[in-house]
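*Asks:* When you number the sequence shown by the numbering used here, it's gap-free, plus one each residue, and the end is 455.
What follows is a structure written as C-alpha cells; I'll ask about it next.
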Amino acid sequence: MKVVKFGGSSLSSGQQLEKVFQIVMSDPERKVVVVSAPGKRSSDDIKVTDLLIECAEQCLQGADWSGPLKAVIARYKDIAEELSLSSEVIDEISEDLFNRLNGDQRNSDRFIDLLKASGEDNNAKLVAAYFRKMGVQASYINPKEAGLLVSDEPGNAQALPEAYENLFELRHQPGILIFPGFFGYSKEGDVYTFSRSGSDITGSILANALKADLYENFTDVDAVYSVNPFIVNSPKEIKELTYREMRELSYAGFSVLHDEALVPAFRAGIPVQVKNTNNPGAPGTKIVAERDNTNGPVIGIASDQGFCSIYVSKYLMNREIGFGRRLLGILEDFGLSYEHTPSGIDDVSVILRENQFDEQTEQKIISRIKNELNADEVKFEHSLALIMVVGEGMRHNVGTMAKASKALAKAEVNIEMINQGSSEVSMMFGVKVVDEKRAVKALYDEFFAAVPV
Ligand code: ASP
3 MKVVKFGGSS LSSGQQLEKV FQIVMSDPER KVVVVSAPGK RSSDDIKVTD LLIECAEQCL
63 QGADWSGPLK AVIARYKDIA EELSLSSEVI DEISEDLFNR LNGDQRNSDR FIDLLKASGE
123 DNNAKLVAAY FRKMGVQASY INPKEAGLLV SDEPGNAQAL PEAYENLFEL RHQPGILIFP
183 GFFGYSKEGD VYTFSRSGSD ITGSILANAL KADLYENFTD VDAVYSVNPF IVNSPKEIKE
243 LTYREMRELS YAGFSVLHDE ALVPAFRAGI PVQVKNTNNP GAPGTKIVAE RDNTNGPVIG
303 IASDQGFCSI YVSKYLMNRE IGFGRRLLGI LEDFGLSYEH TPSGIDDVSV ILRENQFDEQ
363 TEQKIISRIK NELNADEVKF EHSLALIMVV GEGMRHNVGT MAKASKALAK AEVNIEMINQ
423 GSSEVSMMFG VKVVDEKRAV KALYDEFFAA VPV
C-alpha cells in the first residue's frame, strides 16, 4: 500500500487534477491520497493558503475581507467548472468559509490556523467529489474523525503519539481515501496547522501510521537536484539519498520536501519517493535508510540565507566551567533557538536565524553577555549565508574539506566559519550573502562537474 501526496502546483487547476487522477488510478497500491491547497498556476499567481491568511488577517483587523475570500472561492470554482463538477461542491466550500470567518477570534493565531487549514480541507472535498464523478469509490477523510491529534501550537503543530494509533484504523476503510494535508486537531478539538508546506508532514505521518510500503511525494520537479537549479544550470539529479542527507539538504534550503517530513517515514523505515506530477514517467528521487555509495563523497550542496553569528571571546574560556551553558542560557531567556556553535579555545560563535529578533534585543543580548560572562569581546555579524556540503560518503573519504576550502579560495570567497557536524555527513561553511552564489558554484564545479554521471 502506498501513501501519495500531491503538492499545491499539482492541484492548481482542473487540468492538473486530471493528471493526479491518472497517476492515482495507474497503480492500485495508491490508496491514501494527501492533498495540499491549490497552489500557483504561474509564477505571478497567489497560493490559496496565502489568500486565506490575508483574509483571516483582514477579518481580525476589522477590515474588508471580501476581496481575498472571493479570490479563494473563485479558485475552487474555476477548478470545479473545468472538471464539470456540480455547483454543490462550491456551495459547500463557501458555507464552510463563512462558518470559519464567524469562528472564535479570541486567539488570533488560532483563528488564522482555522482559516489556513480550510485550503487543504476544502480541496480534499473537491478532489474526492471529482474522483467519485469519474466513477471511483473515493471518500474525503475528516482528520478530526480519523484522530489526527496534534499539539496546540499555532502554525507549528506536532503530531501527538496517539495520532498514529488512531490513523491505523483507516486501513480498514474501503476505496481511495482523500486526506487533507497541513493540519490536525488538538485534544480540545481546535484546528492547528503544521509549519508552511506541512502537507508533506501529513503524508509522512499517514505513511507511518498505516505502515505503508512507500510514501510518494508528487511535486513539480523531476527529481531532487544536487544543487539549486537557480544557481547552477541543469545540475545533476540525485537518484537515491539517505534520510539524513535529505534532512541536511532541506534544512539548508532544498525546498522539495519539508525538513520535518522525513521523521515519521524514517522512524517506520518507509522509503520516500519524490516524483513529478507533470512527468510521472521520470524515475524521481528515492530517500532510503542506506544507499550504495555511487556518487563520490558529496551528494548535494545546499545554501540558505538569513543567518547571523554572535562572536564571543574571552581569554581562558576553555577553562571556565559552565561558560557555554550560561551563554546559551541567555539566548534561551530571549526565546531564541540557535543553529550551530563552532568554537575555538578562547572563542565561540553562535549561529542564529536573524528573523528571530530585532536591533533592541541584539543590544540587550550584547550587554548581558558582556556583564554576566565578563567576555572580552562580543559582536554580531549579520547577512550570513550557510552552505552545506552533504554526503554520507564523506565519512570514509580523506581530503573532502581540503578540496572544498581550496575551491572556495580559488573563487576568492572568504570563509567566515566552518563547522563539520559530528555525524560527518555534512560540512558547513558560513560566508557573506554576497559571496553565496559564487561559493556554491565553485563547490559544485569541484565535486560534480568533473565527475562522470
Ligand atoms: N498549503 C500549505 C502551504 O502553502 C501547505 C502545503 O502546501 O503543504 O504552506
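Ideal Cβ positions, reconstructed from N, Cα and C, are used throughout, including at glycine.
Remember, it's a predicted structure, so these values are computed and weren't measured experimentally.
1) Below 8 Å, is the gap between the Cβ of F133 and the nearest heavy atom of the ligand ASP?
2) Going by beta carbon distance, what residues of the same chain come within less than 6 Å of F449, once the five residues before and after it are set aside?
3) Using CA coordinates, which residue listed in D115, Q175, F431 is at the minimum distance from A304?
4) Compare the beta carbon distance of S199 and A267 with 9 Å and say whether it is the shorter of the two.
5) Locate the beta strand (DSSP E) running through T221, then write down its first and last residues.
6) Please report the distance separating the alpha-carbon of V455 from that of Q307.
7) Spatial neighbours of Q18 within its chain, please: CB distance less than 6 Å, with the 5 preceding and 5 following residues excluded, ordered by chain position.
8) For E438, which residues in the same chain have their Cβ closer than 8 Å to its Cβ, ignoring the five residues on either side in sequence?
9) Name, in chain order, the residues that DSSP records as bridge partners for R32.
10) Can you give me the C-alpha to C-alpha distance between L318 and D348, rounded to a whole angstrom?
11) Could you name each continuous alpha helix (DSSP H) segment of 4 residues or more that falls completely within the segment 367 to 414, going from the start of the chain to the end?
12) Buried or exposed for N235, please, with buried defined as at least 16 other CB atoms from any protein chain shown within 10 angstroms of its CB.
13) Just confirm the distance between the C-beta atoms of L243 and I312, as a whole number of angstroms; I'd bet it's less than 8 Å.
14) What is the C-beta distance between Q139 and I178, in whole angstroms, given that I count them as a contact (C-beta under 8 Å)?
15) Below 8 Å, is the gap between the Cβ of S1 and the nearest heavy atom of the ligand ASP?
16) Does the segment 184 to 195 come into contact with the segment 239 to 253, if we say contact requires no fewer than three beta-carbon pairs (one atom in each stretch) closer than 8 Å?
17) Does the distance from the C-beta atom of K135 to that of S86 stay below 9 Å?
18) Using the DSSP secondary-structure output, state which residues sit across from N306 in a beta bridge.
19) Secondary structure at V442, three-state DSSP: helix, strand or coil?
20) Return the Cβ separation of L62 and S110 in integer angstroms, given the expectation that the two are a contact with Cβ distance under 8 Å.
21) Mind checking which residues open and close the alpha helix (DSSP H) that includes S25?
22) In chain order, which continuous runs of the alpha helix (DSSP H) of length 4 or greater are located wholly inside the segment 208 to 269?
23) Could you give the C-beta distance for K434 and E418, rounded to a whole number, given that I count them as a contact under 8 Å?
24) Going along the chain, which residues of its own chain have a beta-carbon closer than 7 Å to the beta-carbon of A291, five neighbours each way excluded?
25) Nearer than 8 Å: is that true of the beta carbon of S339 relative to any heavy atom of the ligand ASP?
26) Identify whether T204 lies in helix, strand or coil by the three-state DSSP scheme.
27) Applying the 10 Å Cβ sphere with the 16-neighbour rule, what's the burial state of S14?
28) In the DSSP assignment, what residue or residues form a beta bridge with G460?
29) Can you tell me where the beta strand (DSSP E) holding F181 begins and where it ends?
30) Comparing C-alpha positions only, which one of I114, Q160, A131 sits nearest to F181?
31) State yes or no: is the C-beta of H342 nearer than 8 Å to some heavy atom of the ligand ASP?
32) Run through DSSP, which three-state label would E341 get?
33) Return the CA-CA distance between V35 and K7, expressed in angstroms with no decimal places.
34) Under 9 Å, do S428 and G401 count as touching if we go by C-beta distance?
35) Got a sec, what are the start and stop residues for the beta strand (DSSP E) D2 sits in?
*Replies:* Checking against the coordinates, here is how it stands:
1) no
2) V300
3) F431
4) no
5) 216 to 221
6) Low confidence applies to V455: its pLDDT is 46, below 50, so where it sits in the model is not reliable, and the reading given next is rough at best. Rounded to whole angstroms, V455 to Q307 spans 30 Å at the Cα level.
7) S12
8) S305, Q307, A387, I389
9) K4
10) 6 Å
11) 402 to 412
12) exposed
13) Actually they do not touch by this definition, with Cβ atoms about 33 Å apart.
14) 7 Å
15) No answer is possible for residue 1: the residues shown for the chain start at 3 and end at 455.
16) no
17) yes
18) It is worth fixing the name first, because residue 306 is Asp in this sequence and not Asn. Answer is L388.
19) helix
20) 5 Å
21) It is Ile, not Ser, that sits at residue 25 in the sequence shown. From DSSP, the alpha helix (DSSP H) with I25 extends over 16 to 27.
22) 245 to 253, 264 to 269
23) 7 Å
24) T244, Y245, G271
25) no
26) helix
27) buried
28) Because the chain is modelled from 3 through 455, residue 460 falls outside the range shown and cannot be assessed.
29) 178 to 182
30) A131
31) no
32) strand
33) 6 Å
34) no
35) Residue numbering for the chain in the displayed model covers 3 to 455; residue 2 lies beyond these limits and cannot be assessed.
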